[in-house]
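Taking it in order: structure first as structure tokens, then the write-up.
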Amino acid sequence: MEEQRLKFHIFLRGIILIGFTLLFYKLLISNQINYFIAPKMMPYLYFSTFVFIVLGIFQVFMGTSNKKVTIFCDCCDDHHPPKTTFRSVLYYLLFIIPLLTGFLFSDHILGSSIAKNRDIQLQSSTSSNQRIGQPQSITQEKYNAMKQSLMKRPLIKVVDSNYLITLGIIQDNLDQFVNKEIEITGFVYREEGFPSNQFIIGRFAISCCIADASVYGLMAKGEVTNLKNDSWVQVKGRLGKGDDEDESILPVLEIKSFKNIPEPKQPYVYDVFIEL
Numbered sequence: 001m002e003e004q005r006l007k008f009h010i011f012l013r014g015i016i017l018i019g020f021t022l023l024f025y026k027l028l029i030s031n032q033i034n035y036f037i038a039p040k041m042m043p044y045l046y047f048s049t050f051v052f053i054v055l056g057i058f059q060v061f062m063g064t065s066n067k068k069v070t071i072f073c074d075c076c077d078d079h080h081p082p083k084t085t086f087r088s089v090l091y092y093l094l095f096i097i098p099l100l101t102g103f104l105f106s107d108h109i110l111g112s113s114i115a116k117n118r119d120i121q122l123q124s125s126t127s128s129n130q131r132i133g134q135p136q137s138i139t140q141e142k143y144n145a146m147k148q149s150l151m152k153r154p155l156i157k158v159v160d161s162n163y164l165i166t167l168g169i170i171q172d173n174l175d176q177f178v179n180k181e182i183e184i185t186g187f188v189y190r191e192e193g194f195p196s197n198q199f200i201i202g203r204f205a206i207s208c209c210i211a212d213a214s215v216y217g218l219m220a221k222g223e224v225t226n227l228k229n230d231s232w233v234q235v236k237g238r239l240g241k242g243d244d245e246d247e248s249i250l251p252v253l254e255i256k257s258f259k260n261i262p263e264p265k266q267p268y269v270y271d272v273f274i275e276l
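In terms of the UniProt record's numbering, the sequence shown has 217 at position 217, counting the first letter as 1, and numbering is strictly consecutive.
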């Protein structure tokens, strides 16, 4: 009886591991994995998927074989399965609930409801952009070359691949970019107390995973009273500074034109660091 109970736990754990493997596979083939982790984390996901499927199949095989199995040793009692049904249910729900949530809600996108509880980056932080040895980094020379290229352009288009670098260059050298034409895409976010003609146009940026996501963007002002939170827009305008003393170091985009756009297939952007 005890051996059958043990085999059931082994079998169930194997099924859970295979379930997570299928979840990873679903996220990979649908590209929804980009909603959860940065591209630099993909090798770890591939490795985890391989390990999970191997361990899962092995556990299922052990749980269904006629051979006598034991997972006990003389080192401690930690290898014993839960002794009561109630504890077993609680134990496995810790894994089953995230698994089901991943299958049912894997296409959920972060928006204003999350942004209000996260950092809003409207001002450059040089120290956060200068980490040594980080993946997805560029050299100082490339950074300087991009800065010079942006300064020569009559219209600066903030594209996804260089979103954070472009904003960082603008924010670090604001005086040199004042009155430049800027075109940027993002979602609308208004904090409580914002006037109706003001909002933040931003994107969630991910360093490693969705847990560290923060909003990066620009303060924008103009005739935009009809824009709602979480609507996606493409905005073109002239770059200026904050109106009052407290906002004097913040770039402000004075909107000339905008258009509503559908939510992009890839709504997030990713950190790119400077190699020193």
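Note that beta-carbon positions come from the ideal geometry of N, C-alpha and C, so glycine has one too.
Considering just the uninterrupted stretch of the beta strand (DSSP E) at residue i, what are its terminal residues?
i	result
alanine 205	198-206
alanine 220	214-221
lysine 157	155-158
Checking the sheet assignment: what are the DSSP bridge partners for residue i?
i	result
arginine 238	Glu181 and Glu254
phenylalanine 187	Gly202 and Trp232
valine 51	Paired residues: none, contrary to the question.
asparagine 260	Val233
glutamine 121	Tyr216
residue 279	The structure shown does not extend to residue 279, since the chain is modelled only from 1 through 276, so no value can be given for it.
threonine 64	Answer by DSSP bridge pairing: none, since threonine 64 is not bridged.
tyrosine 270	Ile206
Since I believe residue j is in contact with residue i (beta carbons under 8 Å), could you give me their beta-carbon distance rounded to a whole number of angstroms?
i	j	result
isoleucine 184	isoleucine 201	6 Å
methionine 41	cysteine 209	7 Å
lysine 147	leucine 239	Actually they do not touch by this definition, with Cβ atoms about 15 Å apart.
phenylalanine 204	leucine 110	5 Å
tyrosine 268	tyrosine 44	Their Cβ separation, rounded to whole angstroms, is 18 Å, which puts tyrosine 268 and tyrosine 44 out of contact at 8 Å.
phenylalanine 103	leucine 23	6 Å
leucine 250	methionine 219	6 Å
leucine 150	isoleucine 169	6 Å
serine 112	aspartate 230	5 Å
leucine 167	valine 158	7 Å
glutamine 32	aspartate 107	6 Å
Cutting at 7 Å between CB atoms, please list the residues of its own chain near residue i, excluding the five before and the five after it.
i	result
leucine 227	Val188, Phe199 and Val233
glutamine 121	Ser214, Val215 and Tyr216
asparagine 197	Lys221, Gly222, Glu223, Val224 and Thr225
isoleucine 15	Val60
isoleucine 53	Ile18 and Thr21
glutamate 254	Lys221, Gly222, Gly237, Arg238 and Gly240
leucine 55	Leu17
proline 262	Trp232
leucine 155	Glu181 and Glu183
Considering only residues of the same chain and omitting the five flanking positions on each side of residue i, which have a CB-CB separation below 6 Å?
i	result
serine 257	Lys236
alanine 115	Tyr189 and Val215
lysine 7	Gly63
Mind checking which residues open and close the alpha helix (DSSP H) that includes residue i?
i	result
proline 98	85-104
glycine 111	No alpha helix (DSSP H) holds glycine 111; DSSP gives it neither H nor E.
threonine 166	163-172
By Cβ distance below 8 Å, which residues in the same chain neighbour residue i in space, the five residues on each side in sequence not counted?
i	result
serine 48	Phe24
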